[in-house]
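There are 2 protein chains.
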Amino acid sequence: MASPRIGIGMDSSVTPLRHGGLSLVQTTDFFYPLVDDPYMMGKIACSNVVSDLYAMGVTECDNMLMLLGVSTKMTEKERDVVVPLIMRGFKDAAMEAGATVTGGQTVVNPWCTIGGVATTVCQPNEYIVPDNAVVGDVLVLTKPLGTQVAVNAHQWLDQPERWNRIKLVVSEDDVRKAYQRAMDSMARLNKTAARLMHKYNAHGATDVTGFGLLGHAQNLARHQKNEVSFVIHNLPVIAKMAAVAKACGNMFQLLQGHSAETSGGLLICLPREQAAAYCKDIEKQEGYQAWIIGIVEKGNRTARIIDKPRVIEVPAKEKDGELW
Amino acid sequence: MASPRIGIGMDSSVTPLRHGGLSLVQTTDFFYPLVDDPYMMGKIACSNVVSDLYAMGVTECDNMLMLLGVSTKMTEKERDVVVPLIMRGFKDAAMEAGATVTGGQTVVNPWCTIGGVATTVCQPNEYIVPDNAVVGDVLVLTKPLGTQVAVNAHQWLDQPERWNRIKLVVSEDDVRKAYQRAMDSMARLNKTAARLMHKYNAHGATDVTGFGLLGHAQNLARHQKNEVSFVIHNLPVIAKMAAVAKACGNMFQLLQGHSAETSGGLLICLPREQAAAYCKDIEKQEGYQAWIIGIVEKGNRTARIIDKPRVIEVPAKEKDGELW
Numbered sequence: 001m002a003s004p005r006i007g008i009g010m011d012s013s014v015t016p017l018r019h020g021g022l023s024l025v026q027t028t029d030f031f032y033p034l035v036d037d038p039y040m041m042g043k044i045a046c047s048n049v050v051s052d053l054y055a056m057g058v059t060e061c062d063n064m065l066m067l068l069g070v071s072t073k074m075t076e077k078e079r080d081v082v083v084p085l086i087m088r089g090f091k092d093a094a095m096e097a098g099a100t101v102t103g104g105q106t107v108v109n110p111w112c113t114i115g116g117v118a119t120t121v122c123q124p125n126e127y128i129v130p131d132n133a134v135v136g137d138v139l140v141l142t143k144p145l146g147t148q149v150a151v152n153a154h155q156w157l158d159q160p161e162r163w164n165r166i167k168l169v170v171s172e173d174d175v176r177k178a179y180q181r182a183m184d185s186m187a188r189l190n191k192t193a194a195r196l197m198h199k200y201n202a203h204g205a206t207d208v209t210g211f212g213l214l215g216h217a218q219n220l221a222r223h224q225k226n227e228v229s230f231v232i233h234n235l236p237v238i239a240k241m242a243a244v245a246k247a248c249g250n251m252f253q254l255l256q257g258h259s260a261e262t263s264g265g266l267l268i269c270l271p272r273e274q275a276a277a278y279c280k281d282i283e284k285q286e287g288y289q290a291w292i293i294g295i296v297e298k299g300n301r302t303a304r305i306i307d308k309p310r311v312i313e314v315p316a317k318e319k320d321g322e323l324w
Numbered sequence: 001m002a003s004p005r006i007g008i009g010m011d012s013s014v015t016p017l018r019h020g021g022l023s024l025v026q027t028t029d030f031f032y033p034l035v036d037d038p039y040m041m042g043k044i045a046c047s048n049v050v051s052d053l054y055a056m057g058v059t060e061c062d063n064m065l066m067l068l069g070v071s072t073k074m075t076e077k078e079r080d081v082v083v084p085l086i087m088r089g090f091k092d093a094a095m096e097a098g099a100t101v102t103g104g105q106t107v108v109n110p111w112c113t114i115g116g117v118a119t120t121v122c123q124p125n126e127y128i129v130p131d132n133a134v135v136g137d138v139l140v141l142t143k144p145l146g147t148q149v150a151v152n153a154h155q156w157l158d159q160p161e162r163w164n165r166i167k168l169v170v171s172e173d174d175v176r177k178a179y180q181r182a183m184d185s186m187a188r189l190n191k192t193a194a195r196l197m198h199k200y201n202a203h204g205a206t207d208v209t210g211f212g213l214l215g216h217a218q219n220l221a222r223h224q225k226n227e228v229s230f231v232i233h234n235l236p237v238i239a240k241m242a243a244v245a246k247a248c249g250n251m252f253q254l255l256q257g258h259s260a261e262t263s264g265g266l267l268i269c270l271p272r273e274q275a276a277a278y279c280k281d282i283e284k285q286e287g288y289q290a291w292i293i294g295i296v297e298k299g300n301r302t303a304r305i306i307d308k309p310r311v312i313e314v315p316a317k318e319k320d321g322e323l324w
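Chains as they are written, first to last, in UniProt numbering: chain A, 1 to 324; chain B, 1 to 324.
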């Protein structure tokens, strides 16, 4: 098959190869650390990188590389403790993804950075080009929003001036739980979510990261073949984080859909009659909820959140048997 | 074929794929800018990344990603000028390599970094596992040494204290020519060098970069199947840079083989009877010399440079028709 190069606007690049109708699906991402546990940071970075493959419905990752920028401000002793933990977290998450980390590169820089490269070689039926939404589809989201709010609120526990702005709407315990929930969510792979996209005939997906829910929804809408628009009615948010976001004024723009997420969930266009089964299946397999958050209407390839969307409070303790 | 994962000690990772006996050959590298021309810097970064594929005898690059760390210390205007030039240089070099840059990631950090990812999917006969040197082989080097010395000497033109240390052995004009020669060398792809490895039955190669000639030679020697050692007799060095290195005391350790190179040449183990033809062929095709610099002896997988190696002064103007 001589498929043309598939264009931009997707989470991963897809390059036709010289061999047997195969395609190279590849992505890279790196960013700054945002949690204080180096092992979890490694897992989150890996989950975040490989998530771009999952957004394309790709479930196998053939190889990973790790990219690390170690801070010049760390002492040698700090580096010796922190770097191996980050690497272990990254490798453990890669193992969950079924991939091996075969290489990488480390440099020093005043600011720490962490990220990687995820690569798959696959047949055309292994990935789902995210441009096939039709009127009547619904939008499913597989992780709650609010990771950035939770991470910030957790930092503010040690900053009285900041904390005073939100302490009326949230307790310390709420914030600690939300932070744990956010870490757990960011470190979780979108692998099952990707696999079920095939089973339930998804018409396309993206993952929710730096541009927030609405930013990524708009990007996905823009690249549809059909004249459709996305309308979002429901916002699942880590418990209490909507209140925290509101208490901070316009800072996060969480309910406007602009709050950045790290290693967020997949936003998936599914046939209406399949969406509930998709959500039930993912919950059965992983113990985590997914939510129908919107619908696909006829339109000019845009996305919006309705006035006064319903906020779904997602409890910190969701998975059976977990301790928080 | 069920080839085992090929181990570390190589310039690129080689991962067997699920499809048709194919392997994924992949590498990543990034570092700090070292020349003051952003376009050339982009070309050098790209050549440096893809060089790890060439060291494996791989001549096709299927995909490239670019990794950029933009300095926080640049003004917005500086970024708007510099970043597009770097990207253009990177893309132009990728085009020479026959690859497309399909993605990448940019972050800010106080220190600028630049690099990328190069990926190929190929059949086993397309790469040369660098572990097959035999007694009687010779060592060929395809680019001169001294890029780091030249880059530093060029910076010292504006630092009187530094300049005073070397001005007795080198003129300003010498330094400018050496700097141009170094940029030209670093931006040149090792693609022809890699292609000719197949034609002349190379037994393995590596590219000379951060660990210097001897460091990379030692690494290559360590991974040989046979009980061999590498002995280096000749050091081709960009004109006058050996004198500059000597005038700086022990700082570069150029003649000891430890001076870092950026996007250096391939160091190749070739059958003795093929090596001269290899060098002649590469010069005919590219207008650049390659040199026989050493021999493969029986030994315990180490590498060394003889006492008082012969320094070959490589003139700044080498290629016919060039203006410097």
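Just so you know, even glycine gets a beta-carbon here, dropped at the ideal spot from N, CA and C.
- prompt: Among T120(A), A193(A), G146(A), which has the Cα closest to the Cα of L255(A)?
  reply: Nearest C-alpha to L255(A): G146(A).
- prompt: Using a beta-carbon distance cut-off of less than 8 Å, what residues from the region 35-67 of chain B approach chain A?
  reply: E60, D62, N63, L65, L67
query: What in chain B is Cβ-close to residue 362(A), meaning under 8 Å?
result: Outside the displayed range of chain A (1 to 324) lies residue 362(A), so it cannot be described from this structure.
query: Could one say the Cβ of H19(A) lies closer than 8 Å to chain B's Cβ atoms, at least one of them?
result: yes
Neighbour-count burial assignment, R188(B), 16 or more Cβ in a 10 Å radius: buried
- prompt: Secondary structure at G212(B), three-state DSSP: helix, strand or coil?
  reply: helix
task: Please name the residue or residues paired with G299(B) in a DSSP beta bridge.
output: Answer by DSSP bridge pairing: none, since G299(B) is not bridged.
- prompt: Going by the beta-carbon positions, is the gap between I312(A) and V140(A) smaller than 8 Å?
  reply: No.
Interface partners of G115(B) on chain A, CB under 8 Å: Q105
task: May I ask you to list the residues that DSSP assigns as paired with I268(A)?
output: DSSP, once it has assigned bridges, lists V140(A), A205(A) as partnering I268(A).
message: When you compare the CB of G98(B) with every CB in chain A, is at least one pair closer than 8 Å?
response: no
query: Could you give the distance in angstroms between the alpha-carbon of R79(A) and the alpha-carbon of Y54(B)?
result: 33 Å
- request: Can you grab the Cα-Cα spacing for the pair L157(A) / Q180(A), in whole Å?
  value: Their backbone Cα atoms lie some 14 Å apart in a straight line.
- prompt: Any idea which residues DSSP pairs Q26(A) with across the strands?
  reply: DSSP, once it has assigned bridges, lists S13(A), T119(A) as partnering Q26(A).
message: Going by beta-carbon coordinates alone, are V149(A) and F252(A) separated by less than 8 Å?
response: yes
- request: Run the CB neighbour count on K280(B), radius 10 Å, all protein chains shown included, and call it buried at 16 or more, exposed below.
  value: exposed
task: Compute the Euclidean distance between the alpha carbons of N226(A) and V296(A), then round it to the nearest angstrom.
output: 11 Å
- prompt: Whose C-beta lies closer than 8 Å to the C-beta of N109(A) among residues of the same chain, with five residues either side of it excluded?
  reply: G69, V70, S71, T72
Test item: CB-CB of V58(B) and T120(B) under 8 Å: yes
- request: Would you mind listing the alpha helix (DSSP H) stretches within the region 26-54 of chain A that are 4+ residues and don't spill past its ends, in chain order?
  value: 38-54
query: Do you know whose CA, among R195(A), Y39(A), K167(A), H223(A), lies nearest D184(A)'s CA?
result: Y39(A)
task: Name, going along the chain, the residues of the region 146-174 of chain B whose beta-carbon falls closer than 7 Å to a beta-carbon of chain A.
output: none
field: Endpoints, alpha helix (DSSP H) assigned at P130(B)
entry: For P130(B), there is no enclosing alpha helix (DSSP H), as DSSP marks it with neither H nor E.
task: Whole angstroms is fine: what's the gap from Y127(A)'s alpha carbon to F211(A)'s?
output: Taking the straight line joining both Cα atoms gives about 23 Å.
query: In chain order, which alpha helix (DSSP H) runs of at least 4 residues are fully inside the region 141-175 of chain A?
result: 147-156, 160-166
Meets three-Cβ-pair contact criterion under 8 Å: the region 193-207 of chain B and the region 98-112 of chain B: Two segments are said to touch when three or more pairs of C-beta atoms, one from each, lie closer than 8 Å; by this definition the region 193-207 of chain B does not touch the region 98-112 of chain B.
query: Do you know offhand how far S23(B)'s Cα is from C122(B)'s?
result: Going by C-alpha positions, S23(B) is about 5 Å away from C122(B).
- prompt: For the alpha helix (DSSP H) that M87(B) lies in, which residues bound it at each end?
  reply: 76-96
query: Is G210(A) close to chain B, meaning its C-beta is less than 8 Å from at least one C-beta of that chain?
result: no
field: Span of the beta strand (DSSP E) around T262(A)
entry: T262(A) -> no beta strand (DSSP E), and no H or E assigned at all.
query: Name the DSSP beta bridge partners of I305(A), please?
result: Answer is I232(A).
message: Can you find the residues in the same chain that come closer than 6 Å, C-beta to C-beta, to A93(B), ignoring five residues on each side of it along the sequence?
response: K43, C46, S47
- prompt: Of the residues C112(A), A205(A), A118(A), E76(A), which one's Cα is nearest the Cα of M95(A)?
  reply: A118(A)
field: Contacts of V129(A) in chain B (Cβ-Cβ under 8 Å)
entry: Chain B residues near V129(A): none, gap ~15 Å exceeds 8 Å.
Inter-residue spacing [alpha-carbon to alpha-carbon] between L65(B) and P130(B): Those two C-alpha atoms are separated by around 25 Å.
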